[in-house]
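Residue numbers (numbering that gives the first Met the number 0): 0 to 576. We put the CB at the ideal spot given by N, CA and C, even for glycine. Model, not experiment: these values are computed from the prediction.
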Amino acid sequence: MNKIKKWRDINWPLVEKRNRRLKKRIFKASLNGEQAKMRNLQKRLIRSLDAKLLAVKRVCLSSVSRKTAGVDGIKNLSPENRLKLVSDLKMSGRASPIRKIYISKLGKVYSMGIPTVYDRALQQLALYALEPEWEARFEPNSYGFRPGRLCQDAVRAIYNNMRGKAVYVLDADLRNCFDRINYEKLIEKLNTFSLMKKQIRAWLESGILNHYIGEIQSNRFGTSQVGEISLLLVNIALHGIETFVKNFYVNCLYDGPSKIGKRDRYSQIGLVRYGDDFVVMHPNELIIGKIKERLNFWLRSNIGLEFSEENNKIKVSFEGFKFLGHHIITLKKKNGLFKCKIHIDSSSKRSLLEKTRYIFQSNKSASAGNLIFMLNSIILDWCDYFCYCECSRDFKQVEYRIFQQLKTWVFRRKSKNLRSKTKLKNKYFPEKTSVTFRGKIHTGNWIFVGKVPKNKRYSKKKVFLVYPSWIISSMWVKVRGTASIYNSDQLYWVRRNFRYGGLPTRVCKLMKKQKLKCPICGEFFDIGSHIEIDHIVPVANGGPDIYENLQAVHDHCHRNKTRFDLVSIRERKIRSK
Numbered sequence: 000m001n002k003i004k005k006w007r008d009i010n011w012p013l014v015e016k017r018n019r020r021l022k023k024r025i026f027k028a029s030l031n032g033e034q035a036k037m038r039n040l041q042k043r044l045i046r047s048l049d050a051k052l053l054a055v056k057r058v059c060l061s062s063v064s065r066k067t068a069g070v071d072g073i074k075n076l077s078p079e080n081r082l083k084l085v086s087d088l089k090m091s092g093r094a095s096p097i098r099k100i101y102i103s104k105l106g107k108v109y110s111m112g113i114p115t116v117y118d119r120a121l122q123q124l125a126l127y128a129l130e131p132e133w134e135a136r137f138e139p140n141s142y143g144f145r146p147g148r149l150c151q152d153a154v155r156a157i158y159n160n161m162r163g164k165a166v167y168v169l170d171a172d173l174r175n176c177f178d179r180i181n182y183e184k185l186i187e188k189l190n191t192f193s194l195m196k197k198q199i200r201a202w203l204e205s206g207i208l209n210h211y212i213g214e215i216q217s218n219r220f221g222t223s224q225v226g227e228i229s230l231l232l233v234n235i236a237l238h239g240i241e242t243f244v245k246n247f248y249v250n251c252l253y254d255g256p257s258k259i260g261k262r263d264r265y266s267q268i269g270l271v272r273y274g275d276d277f278v279v280m281h282p283n284e285l286i287i288g289k290i291k292e293r294l295n296f297w298l299r300s301n302i303g304l305e306f307s308e309e310n311n312k313i314k315v316s317f318e319g320f321k322f323l324g325h326h327i328i329t330l331k332k333k334n335g336l337f338k339c340k341i342h343i344d345s346s347s348k349r350s351l352l353e354k355t356r357y358i359f360q361s362n363k364s365a366s367a368g369n370l371i372f373m374l375n376s377i378i379l380d381w382c383d384y385f386c387y388c389e390c391s392r393d394f395k396q397v398e399y400r401i402f403q404q405l406k407t408w409v410f411r412r413k414s415k416n417l418r419s420k421t422k423l424k425n426k427y428f429p430e431k432t433s434v435t436f437r438g439k440i441h442t443g444n445w446i447f448v449g450k451v452p453k454n455k456r457y458s459k460k461k462v463f464l465v466y467p468s469w470i471i472s473s474m475w476v477k478v479r480g481t482a483s484i485y486n487s488d489q490l491y492w493v494r495r496n497f498r499y500g501g502l503p504t505r506v507c508k509l510m511k512k513q514k515l516k517c518p519i520c521g522e523f524f525d526i527g528s529h530i531e532i533d534h535i536v537p538v539a540n541g542g543p544d545i546y547e548n549l550q551a552v553h554d555h556c557h558r559n560k561t562r563f564d565l566v567s568i569r570e571r572k573i574r575s576k
């Protein structure tokens, strides 16, 4: 720490490179079964300055929870306090109480624990050490809360299992999974070194501050309050389900021809898991029933969980079932063959319409431009998530409902100058409007447009509402079976991040132009990289807001360049005086 005087002097590309190299060594040692070497590397990582710097940076600058304070009341830290936090970061086997908050999502209330800034940074440090070890162990059909794996991978894996056949499906729902995991069995399953065990136990058993009575209550089970590391712990707790189900089927339930090899027998039973949500698939209903009974016993004895009977049913694929917001069903065609179809579930469409309705009702006096910005962010995120299924018809249904809400909002905005519906229509829906969205021109008489201030130097900018039917359906390519971001195939993950990373169109265009590298540091944009758009010549120095003057860069590279740009802007202002 003596060498680093200021936060801005840190060479982040070098720090990330050294930390990434150490995590890859942990992954390789775990993959090869070199237990002693892996433990030594993990201890080395939690003591390394690079990992501590990245942990503090992640918690203070990138994490979603940085906007909410724990019991310490601290949200943001100054650069000097960040360096002090780095120097103080050390595993001691102790943890501060957490602050519990409640959030509402899709009509349900969820609890969320917020640890202190120090504990969050320490948990991120522990995550850096444990994640590579378990990425080498996790099963191939485990997709939830893992780097480089998304919901669409799990949905595509189900499609691959159901394609061309009818199956029975165990749609499993665990009762209060995050709140009922057994501590002792989880720590035993971790099987890590003593200091890490002691620290994780302290986080799991940390007290909960109850604001209503002003006291700290003890906590006896659950992982919802752990914070940065909770999702990894849930994955570790549920690890082994796929192996258990397949071994139980092959060794105890299989009654087919003996000439079929063991590999083909394993492929007859399918299991796909995303976090605590998983499905089991097989053509025989009796086999699914026996697996359900045996799996319930395995969950109860290994991690203290059990099925929720009211939401846990065995269904035939002809009925369809819901998974991660999608409705998956098998249809029989006239020629006797089966086809698996994936649509958007009605509850997902209803959730989007409730959000748009709330925006319209709570912004009755907002300008058209501001309303478009609020709606576009929600509509685009929703459509980009569901565009990898058969979504064209669903998008048109949702578009029709949103358009009805939009017309209601527009035609109530009467004023002295706009009393007739014709004038209102021509103001908000100009005749023969042409807009370009993702490289395609759309022309029509009912395109909702508005204006927002572009910036201090330019006049107002024209914006338009994106209609869901403009989003084109495409096919998702599932991640390779046991592929991990910690293996040596960096180019595979860089290309996958570019194609399936959910990045904005403008960022993708710039990345392609830059050959997937940051022009400032020269490093690839890896999975998890925070990418920002930068003006090569600052706008304050006369740089235009066009693609030729834009570049995609890492967030830390952007901050460093901005610091130097501000110096040139000040010098220019001084010379102009």
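Asked                                                                                                                        : Found
Alpha-carbon spacing of Thr421 relative to Pro503, whole angstroms                                                           : 36 Å
Lys83 versus Lys89: straight-line alpha-carbon distance, rounded                                                             : 12 Å
Completely contained beta strand (DSSP E) runs for the segment 416-485, where each covers 3 or more residues                 : 432-436, 439-443, 448-452, 459-463
Unbroken alpha helix (DSSP H) run spanning Val55, endpoints                                                                  : 48-56
Check whether Val70 and Pro96 have beta carbons under 8 Å apart                                                              : yes
Enclosing beta strand (DSSP E) for Met161 [first to last residue]                                                            : Here Met161 belongs to no beta strand (DSSP E); instead the alpha helix (DSSP H) covers 150-161.
Straight-line Cα distance separating Leu374 from Lys439                                                                      : 20 Å
Nearest-angstrom Cα separation, counted from Phe277 out to Phe463                                                            : 40 Å
Distance, His557 Cα to Val14 Cα                                                                                              : 16 Å
Start-end ranges of the alpha helix (DSSP H) lying completely within the segment 493-552, minimum 4 residues                 : 504-512
Coarse secondary structure for Met195, derived from DSSP in three states                                                     : helix
For Cys339, the first and last residue of its enclosing beta strand (DSSP E)                                                 : 337-343
According to DSSP, residues forming a beta bridge with His326                                                                : Lys321, His342
Cα-Cα separation between Ser61 and Ile530, rounded to whole angstroms                                                        : 11 Å
Reference Leu565, options His534, Lys164, Ala551, closest by Cα                                                              : His534
Reduced DSSP secondary structure (H/G/I, E/B, other) of Leu76                                                                : coil
Where Ala171 sits in the DSSP three-state scheme                                                                             : strand
Rounded straight-line distance, which links the Cα of Asn10 to that of Gln122                                                : 23 Å
Of the residues Gly92, Leu405, Tyr248, the one placed nearest Phe192, counting alpha carbons only                            : Gly92
Counted within 10 angstroms of its Cβ, other Cβ atoms place Gly106 as buried (16 or more) or exposed                         : Any answer about Gly106 is weak, because its pLDDT of 48 lies below 50 and its placement is not dependable; what the coordinates show is given next. Counting Cβ neighbours within 10 Å, Gly106 comes out exposed, since fewer than 16 surround it.
Backbone secondary structure at Met90 - three-state DSSP                                                                     : coil
Option nearest Pro139 by Cα separation, candidates Asn311, Ala539, Tyr273                                                    : Tyr273
Nearest residue (CA-CA) to Ser433, options Asn444, His553, Lys16, Gly542                                                     : Asn444
8 Å Cβ cutoff met for Val244 and Leu294                                                                                      : yes
Lys4 versus Ile532, Asn80, Ser473, residue with shortest Cα-Cα distance                                                      : Asn80
Simplified DSSP state of Leu565, which is helix, strand or coil                                                              : helix
Touch test, the segment 289-307 against the segment 242-258, Cβ-Cβ under 8 Å, three pairs minimum                            : yes
Burial state of Met474, where buried means 16 or more other Cβ atoms lie within 10 Å                                         : exposed
Span separating the alpha-carbon of Arg145 from that of Asp254                                                               : 35 Å
C-alpha distance - Cys507 paired with Asn425, whole-angstrom precision                                                       : 35 Å
Chain-order list of residues whose beta-carbon lies under 7 Å from that of Lys312 (same chain, five-residue window excluded) : Asp170
Close-in-space but distant-in-sequence residues of the same chain around Gly480 (CB under 6 Å, 5 per side omitted)           : Pro139
Alpha-carbon spacing of Ala551 relative to Val166, whole angstroms                                                           : 46 Å
Neighbour-count burial assignment, Leu52, 16 or more Cβ in a 10 Å radius                                                     : buried
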